[in-house]
Amino acid sequence: MLVTGTDTDVGKTIVTAAITAAAQAAGLRVAVLKPGQTGTATGAVPDIDTVNRLAAPMTARTLVSYPEPLAPLAAARVAEAEPLELYAVADEIRAEADKHDLVLIEGAGGLLVPMGLRPSGEAWTFADLAVSIGAPAVVVTRAGLGTLNHTALTLEALDRRAVPAGVVLGAWPAEPELVHWANLTELVPNMVGALPDGAGTMEPGVFRRSAPGWLTPALYGVLDDWRTWAEEVS
Numbered sequence: 478m479l480v481t482g483t484d485t486d487v488g489k490t491i492v493t494a495a496i497t498a499a500a501q502a503a504g505l506r507v508a509v510l511k512p513g514q515t516g517t518a519t520g521a522v523p524d525i526d527t528v529n530r531l532a533a534p535m536t537a538r539t540l541v542s543y544p545e546p547l548a549p550l551a552a553a554r555v556a557e558a559e560p561l562e563l564y565a566v567a568d569e570i571r572a573e574a575d576k577h578d579l580v581l582i583e584g585a586g587g588l589l590v591p592m593g594l595r596p597s598g599e600a601w602t603f604a605d606l607a608v609s610i611g612a613p614a615v616v617v618t619r620a621g622l623g624t625l626n627h628t629a630l631t632l633e634a635l636d637r638r639a640v641p642a643g644v645v646l647g648a649w650p651a652e653p654e655l656v657h658w659a660n661l662t663e664l665v666p667n668m669v670g671a672l673p674d675g676a677g678t679m680e681p682g683v684f685r686r687s688a689p690g691w692l693t694p695a696l697y698g699v700l701d702d703w704r705t706w707a708e709e710v711s
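This is how it looks when you write it as structure tokens:
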């Protein structure tokens with residue numbers, strides 16, 4: 478299962494950790510792969526380290542890391558490093574799938590960000606990876622203004638490639654405003670989860686116990702009634 482987003486900083490890493498926690502609570506063996514981590518020179522905590530801290534998957538790996546906070550292909554070029562090769566990444570995922578019940582692959586930025594190169598020298602995106610391995614996608618999106626267009630564009634791009642997808646709100650505010658409720662109404666038909674704002678700062682034990690309640694059964698959670706959820710959070 479691929480975890481992508483409508484943009485950077487929408488909560489992909491925390492959602493990946495939540496799915497991991499819910500799946501492991503359901504008894505699954507989970508692996509998390511990050512094909513390309515960028516921005517290591519900034520001193521930011523690598524995404525895999527955050528997933529390990531919050532959810533402790535059976536396996537957690539970053540395939541390559543680049544210093545600059547750019548799209549992976551651009552970061553590889555700036556660093557004069559070997560770019561990610563599509564079929565090599567697909568092989569790594571399949572190898573982990575042989576040893577686990579669920580493999581979560583976290584992207585970088587949005588769905589169509591250039592990730593690396595094919596053997597032909599053509600750039601490939603996270604959408605191309607989804608098609609190559611035949612995996613469904615989770616689209617992490619914002620709750621606020623602008624999210625409807627960004628989410629619709631991402632879902633349309635996936636639908637055109639016949640990639641099944643569901644939507645997770647990466648950070649539902651503690652005090653939602655009219656725009657948040659209006660967006661929720663539009664997004665609910667495609668939604669498979671919603672995380673509270675600040676979930677990533679929770680103590681790991683609390684995070685793991687709480688995660689199933691943020692996700693629907695499609696993502697190994699127990700959330701099955703959005704009306705009840707809305708009443709509780711309001």
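So the sequence shown is numbered by the numbering used here: it starts at 478 and just counts up by one.
All C-beta atoms in this analysis are idealised placements derived from N, C-alpha and C, irrespective of residue type, glycine included.
Given that a residue counts as buried once 16 or more other Cβ atoms are within 10 Å of its Cβ, and exposed if not, what is residue i?
i, result
"W658", "exposed"
"Y543", "buried"
"T631", "buried"
"D605", "buried"
"E599", "exposed"
"V541", "buried"
"N660", "buried"
"V522", "exposed"
"P546", "exposed"
Contact check, residue i vs residue j under 8 Å by CB: the rounded distance?
i, j, result
"A537", "R685", "With a Cβ gap of about 15 Å, A537 and R685 do not count as contacting."
"L505", "L550", "About 32 Å; that fails the 8 Å criterion."
"P534", "A508", "6 Å"
"V566", "P512", "5 Å"
"A688", "A495", "4 Å"
"A548", "V590", "5 Å"
Out of curiosity, what's the CA-to-CA distance linking residue i and residue j?
i, j, result
"V645", "V669", "6 Å"
"V683", "T705", "22 Å"
"P666", "A642", "12 Å"
"I610", "V710", "37 Å"
"D484", "A553", "20 Å"
"D526", "H577", "20 Å"
"V480", "A676", "17 Å"
"A500", "P560", "31 Å"
"D701", "S597", "45 Å"
"D575", "E569", "10 Å"
"A707", "L692", "14 Å"
"E562", "I582", "15 Å"
Segments assigned alpha helix (DSSP H), at least 4 residues, entirely inside the region 485 to 571
Counting only runs of 4 or more, we get 489 to 502, 524 to 532, 549 to 555.
Does the region 489 to 502 come close enough to the region 575 to 586 that 3 or more CB-CB pairs lie under 8 Å?
Touching, per the Cβ criterion.
Within the chosen definition, does the region 669 to 681 reach the region 507 to 518 through at least 3 CB pairs nearer than 8 Å?
They do not touch, by the three-pair rule.
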